[in-house]
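Only one structure is covered here, and it is reproduced in the block below.
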Amino acid sequence: MRVRRAWAEKFQAVAWASQPSSGASRHLLPQAGEGVPARRLLVGVPLLSMPAPKPAQGSIAARARALAGGPRYLEALNPEQREAVETLEGPLLVLAGAGTGKTRVLTTRIAHILASGEARPWEILAVTFTNKAAREMRERVETLVGQGVEAMQWLGTFHAISARMLRRHAELVGLKPNFTILDTDDQIRLLKQAIKAENIDEKRWPARQLAWQIDSWKNRGVTPAQVPAGEAMSFGNGKGGELYALYQERLKILNAVDFGDLLMETLRLFREQPDVLAEMHRRFKYILVDEYQDTNVAQYLWLRLLAQGRRNLCCVGDDDQSVYGWRGAEVENILRFEKDFPGAKVVRLERNYRSTGHILAAASHLISHNEDRLGKTLFTDGGLGEKPTVTGVWDSEEEARAVGDEIEALRRRGHQLNEAAVLVRASFQMREFEERFVAIGLPYRVIGGPRFYERAEIRDALAYLRCVAQESDDLAFERILNTPKRGLGDATLQLLFDYGRKQGLPLMLAARALCETEEIKPKPRATLRALIDDFARWRALIDAKPHQELAELVLDESGYTQMWKDDKTPEAEGRLENLKELVRAMEEFPDLSSFLEHVSLVMENSEGAVSDRVSIMTLHGAKGLEFETVFLPGWEEGLFPSQRTLDDNGRAGLEEERRLAYVGLTRARRRAKIYFATNRRIRGLWQTTMPSRFIDDLPAKNVEVVERAGASQYGAYGVSRFAGLDRYSSVYETPGWKRAQNGSQQRGRSAAATVIEGRVLAKSTGAADFTPGQRVMHAKFGPGTVARVDGDKLAVEFDHAGAKMVKSAFVERM
DNA sequence: GGGTGTCTGCTTTTT
DNA sequence: GCAGACACCC
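Residue 627 in numbering that gives the first Met the number 0 sits at position 628 of the first sequence, with consecutive numbering throughout.
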């Protein structure tokens with residue numbers, strides 16, 4: 000007991016000392032992404048690794064703290080936040096609206112648990128969805144605590160924590176502790192093999208689709224045996240379930256798991272091994288979950304099993320920011336929390352510290368159109384600030400130009416580019432902005448491109464290392480067999496497959512054995528033997544050489560580095576750079592196997608130099624971030640809300656899209672700028688588009704409509720589309736509003752009559768109306784002559800715009 | 001086994 | 001409109 004108190008008190012002293020004491024610190028209120036410098040105090044004793052016995056009730060220190068009004072770190076919280084932090088016992092749901100200090104609550108809560116001595120660092124389970132969130136949480140706890148918290152070994156993503164648990168008890172679920180974690184690419188190659196083995200037409204039933212299907216089963220915690228009959232039918236003429244089973248068998252043989260298995264196998268472990276679960280219950284005194292609204296069924300079950308022990312489960316989330324339904328997230332989990340955990344306390348955080356009044360009002364009004372929500376009312380003490388703007392532009396090109404101009408103007412007024420972001424619905428929208436920004440020399444960065452470890456060169460290099468580390472890694476071996484090209488193509492691979500299957504050997508061993516037979520031609524045999532000998536040699540060096548050097552050696556001697564040096568394409572240089580980065584990253588791990596164990600789970604894009612740039616990213620990617628100024632282009636029916644989501648998921652889909660709009664708006668601190676274009680090229684075809692219904696969802700009094708000066712130059716064709724939007728007061732005449740009033744189900748599909756030179760052209764009804772030679776008028780391209788009719792598309796030779804393919808619905812006969 | 005031409009099918013994305 | 005996958009040919 001004495002030790003515990005000493006530990007807690009020492010911690011307390013550190014926590015106090017680490018708080019900035021200037022007056023400004025009083026306003027150090029929760030602001031995600033705030034630039035509070037991480038203060039680290041040099042403490043002689045590694046406090047957090049000190050053992051502490053069971054916490055005692057009502058220690059002198061605790062009582063003294065209570066009299067003094069609690070430790071300083073609690074004073075920085077508002078009453079609701081403080082309640083969320085101090086309610087340690089029992090289930091707790093923190094409904095944290097956008098910008099209300101969610102991360103602050105989570106991190107302070109952890110600090111509070113540690114400071115009060117209720118639990119030691121390794122007795123806290125803190126789960127996030129992304130590595131980034133985990134890292135941020137760790138850093139912020141460290142700032143509060145004033146020292147490193149390496150001892151918090153159970154702070155991480157669902158997947159990383161599961162992997163950790165699974166490695167400890169791998170044998171219990173039929174795996175070896177050094178199992179490989181496959182990524183999507185490996186997964187798909189494996190599934191292709193399974194599909195082929197079942198004699199299913201790969202073209203009609205692509206492996207991607209099966210991967211997606213299996214993934215969604217795993218998201219729901221469904222094993223091959225539990226696949227509902229109807230869903231098994233949905234792939235490969237009813238072979239979906241069989242393929243799933245076959246795939247799982249293959250994984251076990253390969254001693255591998257995919258991402259979904261990390262959860263599934265851990266769940267199985269908990270269910271089938273009560274003593275393992277009991278051990279977990281003993282260990283975890285407190286469980287904290289970030290972004291609870293994003294949990295899927297498997298994660299929910301996982302949490303529920305773990306939380307059964309001590310019931311000290313604290314989930315933080317915002318139902319209004321649930322935007323991952325399409326990948327299995329169940330908003331239901333958060334809506335149902337109080338039923339799932341009887342006696343649960345719910346704390347609402349509604350005081351927003353991020354956005355100005357008008358932005359908050361606009362976002363709140365927008366989201367209030369959703370039905371499935373718990374309901375929160377965000378408020379701020381800050382000023383009203385600028386109204387969000389809505390700007391209509393002619394097409395996506397003008398949209399990019401308008402955004403570029405705005406950013407330039409802001410920049411001239413001293414606005415940081417880092418504080419501006421363009422948030423799009425779909426990544427294809429990014430290109431236009433990139434092109435424009437390049438043209439005007441505006442520095443930008445695209446966030447959310449291909450992940451570092453998804454790049455071909457990284458995966459190749461990792462495959463080499465995996466082969467060195469584990470002879471039986473067939474997928475890795477298959478990948479590098481002929482990379483670089485060494486004349487071992489499909490024929491040799493097929494030979495290896497057959498031989499391996501016959502002998503029950505992994506590919507590498509099959510290759511070795513095959514070289515001793517006459518079944519392989521001399522040339523490939525020599526090459527293959529050389530490759531195998533190389534691997535044997537490299538493997539012998541594992542313990543002799545630092546793993547970094549070994550990696551370099553392998554990449555050089557295999558000819559892999561040379562392959563890219565010989566490559567004359569412009570990307571080659573960057574790829575070599577990435578390889579270097581990979582080797583550099585290995586430094587942080589003690590040996591090759593621990594590097595490989597972690598790489599698939601935690602490897603991220605290493606964003607190099609931090610320079611002042613505009614961010615371009617998807618709305619999904621922007622969740623959890625904030626910017627001074629946010630640009631929200633593409634608010635058009637069909638694009639946002641996405642027609643596909645509407646078609647597939649109806650009202651639920653629409654509500655998820657609306658939440659995405661809410662997320663977009665609430666990223667802005669001071670300025671939100673919405674755009675919609677009248678014409679957009681979608682899948683190569685120009686389409687006339689309507690303003691998004693979400694624009695109609697905005698409260699007129701908090702929004703300003705901006706007529707873009709440049710737009711009028713296109714007036715000749717565009718007048719009709721802008722007519723209703725000159726003044727916001729006339730918003731109730733916008734197409735979106737009228738549509739809503741009519742309750743019509745037509746969603747921006749009908750071609751509006753176009754006004755040309757004062758006369759209204761006949762509305763076309765279909766491609767049948769058109770024949771080659773027909774004169775037509777298009778809203779964007781003007782007059783032209785039909786050259787060819789192709790379904791509902793027309794090849795038109797425009798008088799001024801040249802040859803284009805256009806949808807017949809968007810041209811008028813002349 | 002490697003290069004060229006045609007066909008298809010296109011949100012969001014973490015781990 | 002364009003990328004990625006596949007088939008076909010050398």
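Cβ atoms here follow ideal geometry from the backbone N, Cα and C, with glycine treated the same way. Since the structure is predicted, the reported quantities are computational estimates derived from the model, not experimental observations.
{"query": "Please name the residue in Arg670, Leu268 and Arg666 whose C-alpha comes closest to that of Glu385.", "result": "Arg670"}
{"query": "What residue ranges within the segment 371-429 form continuous alpha helix (DSSP H) runs of no fewer than 4 residues, ordered along the chain?", "result": "395-411"}
{"query": "So, for Glu796: in the same chain, excluding its five sequence neighbours on each side, which residues have a beta-carbon less than 6 Å away from its beta-carbon?", "result": "Gly783, Thr784, Ala786 and Ala802"}
{"query": "Whose C-beta lies closer than 6 Å to the C-beta of Val345 among residues of the same chain, with five residues either side of it excluded?", "result": "Leu92"}
{"query": "For the segment 250-262 against the segment 201-220, do three or more pairs of beta-carbon atoms, one drawn from each stretch, fall closer than 8 Å, so that the two count as touching?", "result": "yes"}
{"query": "Starting from Thr265, trace the alpha helix (DSSP H) in both directions and tell me its first and last residue.", "result": "Phe258 to Glu271"}
{"query": "Given a threshold of 16 other Cβ atoms within 10 Å of its Cβ, counted over all protein chains shown, does Ala660 qualify as buried or as exposed?", "result": "buried"}
{"query": "DSSP three-state call for Tyr285: helix, strand or coil?", "result": "strand"}
{"query": "What runs of the alpha helix (DSSP H), each 4 residues or longer, lie entirely inside the segment 282-343?", "result": "296-306, 330-334 and 336-339"}
{"query": "Output the boundary residues of the beta strand (DSSP E) element that contains Phe626.", "result": "Phe626 to Leu631"}
{"query": "Given this structure, state the Cα-to-Cα distance separating Ala830 from Lys375, to the nearest angstrom.", "result": "In the structure as shown, the chain starts at 0 and stops at 813, and residue 830 therefore has no counterpart that could be examined."}
{"query": "Identify, in the order they occur along the chain, each residue of the same chain with its Cβ nearer than 6 Å to the Cβ of Leu540, setting aside the five sequence neighbours on each side.", "result": "Leu549"}
{"query": "Here's a check: name, in chain order, each residue in its chain whose Cβ is nearer than 8 Å to the Cβ of Glu556, leaving out the five neighbours to either side.", "result": "Asp533 and Trp537"}
{"query": "Classify Gln502 as helix, strand or coil using the three-state DSSP reduction.", "result": "helix"}
{"query": "Kindly indicate which residue of Ala535, Thr516 and Glu138 has the alpha-carbon position closest to the one of Met507.", "result": "Ala535"}
{"query": "With DSSP as the reference, please indicate the residues paired to Gly637 in a beta bridge.", "result": "Ser641"}
{"query": "Apart from the five residues on each side of it in sequence, which residues of its chain come closer than 8 Å, Cβ to Cβ, to Glu337?", "result": "Leu92, Ala343 and Val345"}
{"query": "Check whether the segment 269-279 and the segment 233-243 are in contact - that is, three or more C-beta pairs closer than 8 Å.", "result": "no"}
{"query": "What are the start and end residues of the beta strand (DSSP E) that includes Trp537?", "result": "Per DSSP, Trp537 belongs to no beta strand (DSSP E); it is in the alpha helix (DSSP H), Pro521 to Ala539."}
{"query": "Whole angstroms are fine: how far does the CA of Glu433 sit from the CA of Phe427?", "result": "11 Å"}
{"query": "With a threshold of 8 Å, are at least 3 pairs of Cβ atoms found where one atom belongs to the segment 318-337 and the other to the segment 138-149?", "result": "no"}
{"query": "Identify the continuous beta strand (DSSP E) that holds Val93 and give its terminal residues.", "result": "Leu91 to Ala95"}
{"query": "Cutting at 6 Å between CB atoms, please list the residues of its own chain near Met151, excluding the five before and the five after it.", "result": "Pro120"}
{"query": "So if DSSP puts Tyr674 in a beta bridge, which residue, or which two residues, is it bridged to?", "result": "Thr390"}
{"query": "So, is Gly486 buried or exposed, given that buried needs 16 or more other C-beta atoms within 10 angstroms?", "result": "exposed"}
{"query": "Do you know whose CA, among Leu591, Lys564 and Gly620, lies nearest Ala543's CA?", "result": "Leu591"}
{"query": "Which one of Gly98, Leu697, Phe675 and Ser691 has the shortest CA to CA distance from Gly391?", "result": "Phe675"}
{"query": "Given that a residue counts as buried once 16 or more other Cβ atoms are within 10 Å of its Cβ, and exposed if not, what is Met813?", "result": "exposed"}
{"query": "Check the C-beta distance from Thr388 over to Glu586 and give it rounded, since I have them as a contact under 8 Å.", "result": "About 48 Å; that fails the 8 Å criterion."}
{"query": "Give the single residue among Tyr352, Asp394, Ala460 and Ala475 whose Cα lies nearest to the Cα of Asp380.", "result": "Tyr352"}
{"query": "Mind checking Ile252: buried by the 16 CB within 10 Å criterion, or exposed?", "result": "exposed"}
{"query": "Taking the Cβ atom as the reference point for each residue, do Val582 and Tyr463 lie within a distance shorter than 7 Å?", "result": "no"}
{"query": "Under a three-way DSSP split, which group does Val221 fall into?", "result": "coil"}
{"query": "Give the DSSP-derived three-state secondary structure of Glu88 in the structure shown.", "result": "coil"}
{"query": "I need the boundaries of the beta strand (DSSP E) containing Ile814, first residue and last residue.", "result": "Outside the shown range of the chain (0 to 813) lies residue 814, about which nothing can therefore be said."}
{"query": "Can you tell me whether DSSP reads Leu814 as helix, strand or coil?", "result": "Nothing in the structure corresponds to residue 814, since the chain is present only between 0 and 813."}
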